[in-house]
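Note sheet for the following structure.
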Amino acid sequence: MIASKLLQNQFKKISSEPIEGVCFELVDENLFEWKAFIEGPPETDYEGGIFQIQMKFPNDYPMSPPTLIFSSEFWHPNVYPDGKVCISILHPPGEDETSGELPEERWLPTQTVSTIILSVISLLSAPNTSSPANVDASVEWRNDRESYKKRIKGLIAKANPKVPSHIKIPHPDTDPVERAKQVEKMNLLNKPMDFFDDYDDEDDYYEEEDDGEDNEDYNDDDDDEGIDEDEDEDN
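Count along the sequence shown starting at 1, add 453, and that's the number in this note's numbering.
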């Protein structure tokens, strides 16, 4: 199945090349259901929190978009009260005159898990209040930021204790140690392979075999000479 193979490759890639502040795991080893742990971006109201998102992929992925739902209690203009994320790239492909969105702003098969999550992180930094999914959150964000910030702090206090102990949030962009490991890994991946080394080893092997054969021939010649000498003496 194309979808499962693609998801397997994307999970492998995102595990080896992690996104800053995001950790992923499969739910019950199911490639069509992921869980993302997103760290609130620095210098935003969500900083210091780690929020969980359920990602469910359709069988015809990537022709159709996945659904993203915050399993952590969440408050944001572009997240429905039930936790469902509302961003244009997750809307079904094609034209929708009522939405006012251009086709290229909606889902495209070229989107990946990485581009989706980066769009979510972008929303946490800069909500789209022109077409909110949660009108009350949008109004509070625009008119009473202090109350909004206080509410988010309460949600952070609820969300963080629910993060499993085995979850480690990666910081390949900001942590020097992680960055160095990532650079080393990329250098190894990008290092050209010297195919001639294999051929050189093979040539050495055959040369040793040839030397062995020559020595055997030489020894055979010596034996033949010895036999001839003995025959001459007898005569």
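No residue lacks a Cβ here, since even glycine has one placed at the ideal position from N, Cα and C.
These numbers come from a predicted model, not from an experiment.
- Residue environment for Ile-620: exposed (fewer than 16 other C-beta atoms within 10 angstroms of its C-beta).
- Within the DSSP bridge table, the entry for Val-532 names Val-538 as partners.
- One Cα belongs to Ser-567, the other to Ile-472, and the distance between them is close to 7 Å.
- Proximity of the stretch 496-513 to the stretch 594-606 meets the contact definition, three or more beta-carbon pairs being nearer than 8 Å.
- Taking Lys-615 as reference, the option from Ser-469, Ile-506, Ile-455, Lys-537 with the minimal CA-CA separation is Ile-506.
- Of the candidates Arg-559, Gln-461, Trp-528, Lys-458, Trp-528 places its Cα closest to the Cα of Asn-587.
- Assigned with DSSP and collapsed to three states, Phe-464 falls in helix.
- Rounded to whole angstroms, the gap between the alpha carbons of Leu-484 and Cys-476 is 15 Å.
- The criterion of a C-beta distance shorter than 8 Å is satisfied by Leu-561 and Pro-546.
- Selection Lys-458, Gly-474, Ser-468, Ala-456 evaluated against Thr-627 yields Gly-474 as nearest (Cα-Cα).
- Excluding its 5 nearest sequence neighbours in each direction, Ser-524 has C-beta neighbours in its own chain below 6 Å: Gln-505, Gln-507, listed in chain order.
- If you draw a straight line from the Cα of Pro-518 to the Cα of Thr-565, it comes to about 10 Å.
- Residue ranges of uninterrupted alpha helix (DSSP H) with 4 or more members, entirely inside the stretch 591-623 and ordered along the chain, are 598-612.
- Each of Ser-572, Glu-599, Leu-577, Ser-541 was checked against the Cα of Ser-584, and the nearest Cα belongs to Ser-541.
- Scanning its chain for C-beta atoms nearer than 7 Å, with the 5 sequence neighbours on each side dropped, one finds around Glu-593 the residues Ser-600, Tyr-601, in chain order.
- Here DSSP, grouped into helix, strand and coil, assigns Ile-574 to helix.
- In chain order, Ala-456, Leu-460, Leu-484, Phe-485, Glu-486, Trp-487, Pro-519 place their CB closer than 8 Å to the CB of Phe-510, counting only its own chain and leaving out the 5 sequence neighbours on each side.
- Looking at the DSSP output, Asn-587 bridges to nothing.
- A Cβ-Cβ separation of about 24 Å leaves Ile-570 out of contact with Ala-633 under the 8 Å criterion.
- The distance from the Cβ of Pro-530 to that of Thr-582 is about 5 Å, consistent with a contact at the 8 Å cut-off.
- DSSP lists Phe-477, Ile-506 as the beta-bridge partner residues of Ala-489.
- Using a Cβ distance threshold of 8 Å, Leu-576 and Gly-493 do not count as a contacting pair.
- Of Asp-498, Ser-468, Ala-610, Gln-463, the smallest CA-CA separation from Ile-574 is found for Asp-498.
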